[in-house]
Amino acid sequence: MNTNEHWIKSLFEFGKDAKFKIILSVLLSIISVFSGLIPYWTVYKIILAIIKGNQEFNQVVLYISIAISAYIIQVVCFGSSTMLSHVTAYDILSNIRKQLAQKLMRLPLGVVESKKIGELKSIFVDKVETIELPLAHIIPEVIGNLLLSISIFVYIVIIDWRMACAMLITIPIAFFAFKKLMSGFNETYEEQMASNNYMNSSIVEYIEGIEVIKAFNQSQNSYKKYKDSVDAYKTHTLNWFKSTWGYMNLGASILPSTFLGVLPLGMYLISIDQLTYAEFFLCLVLSLGVVAPIKNFTNYVNQLKSIQYAIVEVRKVLSLKDLEISDQYKEPRHNEITFNDVRFSYTNDKDNLVFNHLSFTIPEKSFTAIVGASGSGKSTIAKLLSRYWDVTSGEIDIGGINIKDIEPKKLNELVGFVGQDNYLLNLTFKENIKLGNPEATDEAVEKAAELAQCHEFIEKLPHGYDTNVGSVGDKLSGGEKQRVTIARMILKDAPIIVLDEATAYVDPDNEQKIQAALNTLTHNKTVIVIAHRLSTITQANQIIVLGDQQIIEKGTHTKLLEKKGQYKKMWDVHIGTKDWGVSS
């Protein structure tokens, strides 16, 4: 898909009846601008009558009435045109944002995770918002005003073709200036937007990481990246302005100067009795109305480009490949998990595989631990099971059914995930827990919280379960947040539970409570634990040791120690670490 093609057509596809509404807005704008011409004509008629000395009161009143009526029509049509174009613009903006949100829900989670927050925020908010002003104003107003310019020019030609030609004397110079101004515009604008995107990402990264930056005294290095991105954007913008400033000033100053040609020629034609004073003054006034819309049009070019850029960026997101969906969904017969000859690469590069011919089985209602060195793919297994990504080849089965043939909603119901990052939405505690089961009763929510060891501290909050997380979120410990997410999972009651080292970084008191909550959560379930602390998995039914794209060892804790292989080395290091202390 070429996202640069037919961006105007793509724009109107986002709004129901958008094209019709914009055309109607343009027609109303045209009526408005032509109505604005009528007062000039009535003034000309009145001046002409005064000069000839045959003005009559009734005739003057008639012309004034016509002018007032035309002005009212102009105001009504302009207001209607503006209202219609704004309604259409915001309909389109709303639909774009809704489609982007729906697209994120259809994408593999891994693809979404790979995008920087600043980049997505820029598209969802900033880029989409740039569409409103040009769409609401430029299209109806520019078309109407350009037609006005043409009509005025034709009218001046009718009065005196020589005055019409004299009026255009500044246009070649202005055209040259604007042509130089727009030279390389597309390339420079693309660079400008890329610089802006990088600055946005750096700002978001700096704000989100401020706690870590301060804790590790990295303010100087992190601020330098932030400052460099802002300075780069400023430098690029100023250099662009400096390179075009002279041509911009020349074009903007010379284009409206229609008097340079009209005034001397008009005086000459009057002196030889080929032009009346009334015609002369009318041509002077009307000449200003010809170039003003053209000047405004040059100012709108940059904004039109912003629409194109925004639509292209939106289309890039919307054209990302959706999570593959089967034509016929199947129901798993049980909850046994099987990895069959799985090969996987994040980049689909066969020379950069994370897993190569990986095969193993996790029996239903068993406890399986996955260990290995950092980067061996432990967490990747959990994410492949949840279809954050799809495997490059081979397949993953649940209950004998390829997970690609299981409805995504059903797969989500089957697998519950508890990790180290515990995100709570800006909702009440009750609503956060009910995300696990929106149909759950208040009693079920409180029961889940009790089992997750978080009922006690929630009850102490100002409004209990109706307390908004956002009002106390900064006061919650990591362990408390994690227990709330575990309550959510208990309410979800998924038969398969994946724990990505859920107690790795919590204090002993919280660890004890979290472990009790996890015992409740995993009772009678198929459990997969991504383990860093080997002491937590000694009771596992099987331990899978990953390394070099494959399984290098598999067995129970006791049997793996007897083998004296990689797991034994890891265990010895783990025990040595536990025995380590700070010497004085």
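The sequence shown runs 4 to 587 under this note's numbering. Cβ atoms here follow ideal geometry from the backbone N, Cα and C, with glycine treated the same way. Given the structure is predicted, the values throughout are model-derived calculations rather than measurements.
Assuming contact is defined by CB atoms lying nearer than 8 angstroms, are residue i and residue j in contact in what I supplied?
i: residue 497; j: residue 456; result: no
i: residue 379; j: residue 420; result: no
i: residue 548; j: residue 397; result: no
i: residue 320; j: residue 126; result: yes
i: residue 340; j: residue 499; result: yes
i: residue 471; j: residue 429; result: yes
i: residue 370; j: residue 530; result: yes
i: residue 540; j: residue 372; result: yes
i: residue 326; j: residue 411; result: yes
i: residue 484; j: residue 537; result: no
i: residue 439; j: residue 491; result: yes
i: residue 47; j: residue 285; result: yes
i: residue 134; j: residue 18; result: no
i: residue 516; j: residue 482; result: yes
i: residue 359; j: residue 553; result: yes
i: residue 170; j: residue 279; result: no
i: residue 283; j: residue 275; result: no
i: residue 399; j: residue 387; result: yes
i: residue 368; j: residue 527; result: yes
i: residue 596; j: residue 172; result: What the structure shows of the chain is the stretch from 4 to 587, and residue 596 is not part of that stretch, so it cannot be assessed.
i: residue 239; j: residue 195; result: yes
i: residue 333; j: residue 408; result: yes
i: residue 338; j: residue 384; result: no
i: residue 493; j: residue 524; result: yes
i: residue 201; j: residue 152; result: no
Using 10 angstroms around the beta-carbon of residue i, count the other beta-carbons present and answer buried if the total reaches 16, otherwise exposed.
i: residue 503; result: buried
i: residue 68; result: exposed
i: residue 23; result: exposed
i: residue 508; result: Bear in mind that the predicted position of residue 508 carries a pLDDT of just 46, short of 50, making it unreliable; the figure below should be weighed with that in mind. Its Cβ having fewer than 16 others within 10 Å, residue 508 is exposed.
i: residue 197; result: exposed
i: residue 267; result: exposed
i: residue 59; result: exposed
i: residue 563; result: buried
i: residue 155; result: buried
i: residue 138; result: buried
i: residue 128; result: exposed
i: residue 38; result: buried
i: residue 328; result: exposed
i: residue 190; result: exposed
i: residue 142; result: buried
i: residue 77; result: buried
i: residue 111; result: buried
i: residue 109; result: exposed
i: residue 269; result: buried
i: residue 565; result: exposed
i: residue 488; result: buried
i: residue 469; result: exposed
i: residue 21; result: buried
i: residue 144; result: buried
i: residue 561; result: exposed
i: residue 104; result: exposed
i: residue 406; result: buried
In terms of alpha-carbon separation, which member of the options lies closest to residue i?
i: residue 324; options: 199, 159, 107 and 450; result: 107
i: residue 391; options: 404, 377 and 349; result: 349
i: residue 495; options: 443, 95 and 405; result: 443
i: residue 229; options: 210, 405, 241 and 385; result: 210
i: residue 101; options: 317, 479 and 351; result: 317
i: residue 382; options: 160, 84 and 532; result: 532
i: residue 159; options: 88, 40, 177 and 56; result: 40
i: residue 90; options: 25, 122 and 34; result: 25
i: residue 164; options: 192, 265, 99 and 178; result: 265
Taking DSSP's pairing of strands, which residues face residue i in a bridge?
i: residue 361; result: 345
i: residue 373; result: 533 and 547
i: residue 421; result: 502
i: residue 467; result: In the DSSP output, where bridge partners are listed per residue, residue 467 has none listed.
i: residue 566; result: In DSSP, residue 566 forms no bridge with anything.
i: residue 340; result: 365 and 401
i: residue 488; result: Residue 488 pairs with nothing; no bridge assigned.
i: residue 558; result: 546
Going along the chain, which unbroken runs of the beta strand (DSSP E) with 3 or more residues stay wholly within the segment 493-554?
-> 499-503, 529-533 and 545-550
Which parts of the segment 132-212 are runs of the alpha helix (DSSP H), unbroken and 4 residues or longer, counting only runs that do not cross its ends?
-> 142-162, 164-170, 174-184 and 188-211
Continuous alpha helix (DSSP H) assignments of at least 4 residues falling wholly in the segment 376-417 = 381-388 and 411-417
Note down, one range per segment and in chain order, each alpha helix (DSSP H) of at least 4 residues found wholly within the segment 12-92.
-> 21-55
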